[in-house]
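Chains as they are written, first to last, in my numbering: chain C, 81 to 203; chain E, 81 to 203. For every residue, glycine included, the Cβ atom is placed at its ideal position computed from N, Cα and C. Here the structure comes first, spelled out in structure tokens, and everything after it is commentary.
2 protein chains.
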Amino acid sequence: MSQDELIAKKLSAMAHPARLAIVHMLVKAGPQGVSASQLGGPLDIAANALTFHLQKLAHAGLVESRRSGRFVIYTAAFDELLNLTNYLVGSCCVDSAEKCGPRCPTSEPSPMHISTSRGEQND
Amino acid sequence: MSQDELIAKKLSAMAHPARLAIVHMLVKAGPQGVSASQLGGPLDIAANALTFHLQKLAHAGLVESRRSGRFVIYTAAFDELLNLTNYLVGSCCVDSAEKCGPRCPTSEPSPMHISTSRGEQND
DNA sequence: GCTAAACTTCAATAATTCATGAAATGTTGT
DNA sequence: ACAACATTTCATGAATTATTGAAGTTTAGC
Numbered sequence: 081m082s083q084d085e086l087i088a089k090k091l092s093a094m095a096h097p098a099r100l101a102i103v104h105m106l107v108k109a110g111p112q113g114v115s116a117s118q119l120g121g122p123l124d125i126a127a128n129a130l131t132f133h134l135q136k137l138a139h140a141g142l143v144e145s146r147r148s149g150r151f152v153i154y155t156a157a158f159d160e161l162l163n164l165t166n167y168l169v170g171s172c173c174v175d176s177a178e179k180c181g182p183r184c185p186t187s188e189p190s191p192m193h194i195s196t197s198r199g200e201q202n203d
Numbered sequence: 081m082s083q084d085e086l087i088a089k090k091l092s093a094m095a096h097p098a099r100l101a102i103v104h105m106l107v108k109a110g111p112q113g114v115s116a117s118q119l120g121g122p123l124d125i126a127a128n129a130l131t132f133h134l135q136k137l138a139h140a141g142l143v144e145s146r147r148s149g150r151f152v153i154y155t156a157a158f159d160e161l162l163n164l165t166n167y168l169v170g171s172c173c174v175d176s177a178e179k180c181g182p183r184c185p186t187s188e189p190s191p192m193h194i195s196t197s198r199g200e201q202n203d
């Protein structure tokens with residue numbers, strides 16, 4: 081899977097209002113995570129639909145899950161999310177830096193520039 | 081259109097390898113932009129397919145176009161892209177900041193936090 | 001073991017998206 | 001006006017994605 085295909089898959093996973101809201105809740109919640117039912121309640125998503133969406137996000141590597149009693153706790157995959165955002169604007173105007181204005185995201189070092197130790201995912 | 085729907089639309093627009101490659105080329109090119117044929121050539125996309133993809137991106141507000149002679153020059157909508165990336169990780173662990181680690185993207189101010197003067201888009 | 005709760009799987013349908021070929025539009029130069 | 005180039009529009013079919021209802025699995029408590 082090419083880099084672009086991998087990134088497109090992640091974007092595609094988030095390109096749905098329900099899933100975006102899920103990711104947002106998980107990002108807000110931080111590393112402690114949120115159980116599936118805690119997500120489904122406020123967002124008003126049926127249980128099976130919730131599973132569908134969470135699996136899509138998990139398959140794209142954007143969320144992780146662990147079991148805790150009868151609950152399944154989901155957490156955002158922060159590294160992957162940061163990778164993603166960095167990719168989107170991380171190479172602004174490399175072909176013509178001198179023509180880019182002061183708001184260019186690469187004009188000053190950003191804390192977004194992190195590297196993970198993960199290899200490429202093989203579907 | 082809700083905030084989530086608007087963001088989902090933008091993500092959806094980029095959730096395709098060809099469109100992602102287009103955005104990447106435009107971001108790399110900076111404000112000067114690139115003509116449609118200059119995009120289509122290297123990416124090996126048929127002219128009509130290219131139009132399809134560019135329109136999807138334009139409709140999501142991620143690219144802008146202007147005519148220059150017989151060419152149509154496309155540029156990335158940098159503000160919108162930055163808005164987008166900021167949205168994705170901009171509210172990390174607001175519900176439990178103390179439990180988030182040092183890599184939390186909100187743990188130090190980021191140059192990504194910009195505000196635009198644009199109102200909400202009404203489709 | 002039984003029951004309820006939390007979650008997942010399955011199956012069918014509806015809706016959207018993408019690729020392709022053919023035709024049309026707009027622009028430049030002769 | 002004409003020819004060539006750049007881009008867009010239109011129409012079709014294939015493929016993917018989302019929604020819904022029903023049934024199945026795992027865990028905790030009695």
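Would residue i and residue j qualify as a contact pair, given that the criterion is a beta-carbon distance under 8 Å?
i                      : j                       : result
leucine 106 (chain C)  : threonine 165 (chain E) : no
leucine 130 (chain C)  : aspartate 84 (chain E)  : no
alanine 133 (chain C)  : isoleucine 87 (chain C) : Checking the sequence, you will find histidine at residue 133 (chain C) rather than alanine. No.
alanine 93 (chain C)   : serine 92 (chain E)     : no
lysine 90 (chain E)    : alanine 138 (chain E)   : no
tyrosine 154 (chain E) : serine 145 (chain E)    : yes
Using the beta-carbon count (16 or more within 10 Å), is residue i buried or exposed?
i                        : result
methionine 81 (chain C)  : exposed
methionine 192 (chain C) : Here the model assigns methionine 192 (chain C) a pLDDT of 39, short of 50, so the residue's position is not dependable and the matter cannot be decided.
serine 197 (chain E)     : Low confidence applies to serine 197 (chain E): its pLDDT is 35, below 50, so where it sits in the model is not reliable, and the reading given next is rough at best. The residue is exposed, with fewer than 16 neighbouring Cβ atoms inside 10 Å.
Out of the options, state which residue places its alpha-carbon closest to the alpha-carbon of residue i.
i                       : options                                   : result
aspartate 124 (chain C) : C:Asn163, C:Pro97, C:Ser145 and C:Ile153  : C:Pro97
leucine 38 (chain E)    : E:His104, E:Ala156 and E:Lys108           : Chain E is shown from 81 up to 203; residue 38 (chain E) falls before or after that span and cannot be answered.
glycine 120 (chain C)   : C:Leu162, C:Pro111, C:Glu160 and C:Val152 : C:Val152
alanine 109 (chain E)   : E:Leu162, E:Asn163 and E:Phe158           : E:Phe158
Can you give the Cα-Cα distance for residue i and residue j, rounded to whole angstroms?
i                        : j                       : result
glutamate 160 (chain E)  : glutamine 112 (chain C) : 30 Å
histidine 104 (chain C)  : glutamine 135 (chain C) : 16 Å
asparagine 163 (chain C) : leucine 162 (chain E)   : 14 Å
proline 122 (chain C)    : arginine 150 (chain C)  : 19 Å
Answer yes if the segment 118-128 of chain E comes into contact with the segment 109-116 of chain C, meaning at least three C-beta pairs across the two stretches below 8 Å, and no otherwise. no
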